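What follows is a set of notes on a single structure, which appears directly below.
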Amino acid sequence: MRRPGWAGLFVLFAFVVVFAVEFHTLLGMLGVEVAAQVYFPAAAAAVIALFAAIMLFTDDEADEDGDAQAATS
Amino acid sequence: MGLFVDEHPDEAFIVRAALMSSFIALLVGGLMGTIQALHRTGFVQVIDNSTYYTVLTLHGVSLVILFAIFFLVGFFQWAITDSLGRGAVDPRLTKAWYGLMTLGSLMAGIAILGGFTDITSMSADVLFTFYAPLEAHPLFYAGLAVFIVGTWLAGVDWFRSWWLWRKANPGERTPLRTFMVLTTMLMWYLATTGVAIAVIFFLLPWSLGLVDSVNALLTRTLFWFFGHPVVYFWLMPVYMMWYVILPKLAGGRLFSDPLARIVFVLFLVLSVPTGIHHQYLDPGIAEGFKFLAMSNTMFLLLPSLLTAFTVVASIEHGARQRGGTGYFRWLTALPWNKPAFTGMALAGLMFAAAGFSGMVNAGMNLNYLVHNTMWVVGHFHLTVGTAVALTFMAVTYWFLPEITGNSVFSERLGLVQVVTWFVGMVLMANAMHRVGLGGEPRRTADPFYEGVTFDTALGSIGELHLQIALGGLLLTVSLLLFMAHVFLTWFDVASRPAPKPETLPPALSGPEHAPAVLGNLRLWTGIAIALIVLTYTLPIAAIVSGNGLFGNAGVLAWGVETLVSLTAGVVG
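Protein chains in written order, with the numbering used here: chain A, 1 to 73; chain B, 1001 to 1572.
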């Protein structure tokens, strides 16, 4: 699997961060109250694990501009 | 074909001046926003509660009037000149409208700034929605009037260029960018009649003491006659950027030129007769008129949905040109490393969310739940604060080299800037929506009245306030990054190589596929006027007959009452 360029990773990170934050209040809406002191460290660990997995288990083919597609086309 | 600045140096000067004015307003308005976000949430309070309204007015006026419209006129000047391939007919007129807009901005700005000091009694703490009964210093109203006259003259300038082009090119279809500018300006002329009447005949004489009172409901109605279509005045240049620049950045071409023209015609026809949907809770306007405004507003979803289809189809075409494949995998082939592309794409995504919250605002029954709450503030931070502001900032990374002749300082820094804005706005706007659902009011320095805690099922208010404050701080960081970036590019601090000239590719389905009637601007303007007359005549007549032109039923009101009776008789 091809690794996204640094730009793609950065945009992905932005989406992951906002999803992680908003998911906490979404859980609250569903009646699942998770203490912030528990949720946010767990969410941060999950985000770090996700990006570590992307870095470890993908092939690096992006160019230095962060453009993954340009490197392969 | 060279850079715009080389081909049209005089016009590029005006574009640069307009953008400079726009960015100054953005910086001022943005910093006021930071103060508000921290003050309202209680984290940092550097002003007292009474000054909050001066800050709020400066925030609103700076951003939604000065930042947005100065950017718009600069961009439109480029669009007209570049697409027609000819300079301004009379550069003196071009300089005159820019000068008037600047003068008007300074007049209104001085009146607002007066609210910060006790040295003068001058103030204009009337917010962006400057209708009665809030009253500002006459300089504020006069400044707004001068500013709007400046925009009118800008439209005259562009129409003159087009008329001369048409004489020189008989039978040719108007270039798409010019068509978009002209339809936008026609809509603006119609929309601003309401606010012009409100300012010149009511608010200015009232603030000067020439009349004792005004009909508050009438000035509100005239304001919203302008106040909703002004949203489309900000959005239509954004749509132009999404239609003509975004597909190019994605590596492709616009999917359909005729569809883009249809969208702009629909905005011309439908934008104005919708304003009453801001007044669902106003007594004095019959429910039937409100229902009509709601219907017109819902029709406006059509051009937005057409745009979503056309722009996404164009982007997908670009991605496939770059080697993208699959149902969704093509998304990874897009140039996410370009801040101009990423910023506009994220702005478009956020605009979709804004459309959903906008439908709640526009629906009469749901509106009763969110009216005058922070929900509405969250909504327009997604529309004007993201769809418009983020697109304007993103397009600057593509546009600035064209008008300055300098390459962008750093694409990476630009990407960090637009993504920071996106994250900050998601946090802030979402939390605003949710505290609004919890009942937290807007337009107030301190939302916590005694004994009211706004306990809600949708997450704790404290957590949401933290998101608002955090989002506001991220937006401030992004704003400062943007301003630094503009400065470093404008003055070519990095001495980077000169940029290459950009050309915009033709649409996949070109203007020759558009029915000729689409270009009949007289017809569409006539239909727009007819709709406005149908939507507004009876409500305004009823408002005047009920309370008089100046707030007291009298001789004038009797005349209007007779007119209403006669009209009702004819209709009946």
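All C-beta atoms in this analysis are idealised placements derived from N, C-alpha and C, irrespective of residue type, glycine included.
Small disclaimer: the values here were computed from a predicted structure and weren't measured.
Under the DSSP definition of a beta bridge, Arg2 of chain A partners with A:Asp59. When secondary structure is reduced to three states using DSSP, Pro1339 of chain B falls in the helix class. Around the Cβ of Phe1233 of chain B, a 10 Å sphere holds 16 or more other Cβ atoms; the residue is buried.
For Ser1121 of chain B, the secondary structure class from DSSP, reduced to helix, strand or coil, is coil. Using beta-carbon distances, Ala7 of chain A counts as an interface residue toward chain B, with a partner under 7 Å. Residue state for Ser1410 of chain B is assigned as coil, using DSSP reduced to three classes. In the structure shown, Thr1444 of chain B falls within a coil segment according to DSSP collapsed to helix, strand and coil. At a cut-off of 7 Å between beta carbons, Val18 of chain A contacts chain B. In this structure, the alpha-carbon of Pro1441 of chain B lies about 14 Å from that of Leu1464 of chain B. Taking a cut-off of 8 Å on C-beta distances, the stretch 1157-1167 of chain B touches the stretch 1081-1092 of chain B, as three or more cross pairs fall below it. Looking at B:His1381, B:Gly1414, B:Met1294, the one whose alpha-carbon comes closest to that of His1433 of chain B is B:His1381.
Sorting B:Pro1247, B:Ser1509, B:Phe1267, B:Ile1014 by C-alpha distance to the C-alpha of Ile1080 of chain B places B:Ile1014 at the top.
Boundaries of the alpha helix (DSSP H) around Ser1050 of chain B: 1049-1060. Of all residues in the stretch 1537-1553 of chain B, none places a beta-carbon less than 9 Å from a beta-carbon of chain A. Of all alpha-carbon atoms in B:Trp1078, B:Ala1124, B:Phe1179, B:Glu1287, the one lying nearest the alpha-carbon of Gly1109 of chain B is that of B:Ala1124. From the beta-carbon of Val1423 of chain B, the residues of chain A found nearer than 7 Å are Ala14, Val17, Val18.
Within a 10 Å sphere around the beta-carbon of Met1001 of chain B sit fewer than 16 other beta-carbons, which makes this residue exposed.
A distance of 7 Å or more separates the beta carbons of Thr1057 of chain B and Thr1476 of chain B. Taking the C-beta atoms as reference points, Leu1031 of chain B is found no nearer than 7 Å to Met1483 of chain B.
In the three-state reduction of the DSSP assignment, Thr1383 of chain B falls in the helix class, which pools H, G and I. Taking a C-beta distance under 7 Å as the contact criterion, Phe1422 of chain B and Ala14 of chain A qualify as a contact pair.
Residue burial is scored here from C-beta neighbours: Gly1115 of chain B has at least 16 other C-beta atoms within 10 angstroms and is therefore classed as buried. At a cut-off of 7 Å between beta-carbon atoms, Val34 of chain A makes no contact with chain B.
Per DSSP, reduced to three states, the secondary structure at Ser1022 of chain B is helical.
Under the Cβ distance rule, Leu1475 of chain B does not count among the residues neighbouring chain A, no pair being separated by less than 7 Å. With a threshold of 7 Å between beta carbons, Val11 of chain A makes contact with chain B. Contact annotation, Val1486 of chain B with Leu1415 of chain B: C-beta distance approximately 15 Å; criterion of less than 8 Å not satisfied. Inclusion of His1277 of chain B and Met1294 of chain B in the CB contact set at 7 Å is warranted, their separation being smaller than that value. Annotation: the continuous alpha helix (DSSP H) that includes Asn1365 of chain B extends over 1364-1370. Comparing C-alpha distances from Ala1541 of chain B to each of B:Leu1218, B:Thr1404, B:Leu1508 shows the shortest one belongs to B:Leu1218.
Contacts with chain A (Cβ-Cβ distance below 7 Å) from the stretch 1402-1422 of chain B involve Leu1415, Val1419, Phe1422, listed in chain order. With contacts defined as CB atoms closer than 7 Å, Ser1207 of chain B and Pro1138 of chain B qualify as a contacting pair. Within the stretch 1425-1441 of chain B, the residues whose Cβ lies closer than 9 Å to any Cβ of chain A are, in chain order, Val1426, Leu1427, Asn1430, Ala1431, Arg1434.
Within chain B, the residues placing a beta-carbon under 9 Å from that of Thr25 of chain A are Asn1430, Ala1431, Arg1434, Leu1458, Gly1459, Ser1460, Glu1463, Leu1464, Gln1467, ordered along the chain. Against chain A, the CB of Trp1336 of chain B has a partner CB under 7 Å away; the residue lies at that interface. Shown here, Ser1256 of chain B sits in a strand according to DSSP, grouped into three states.
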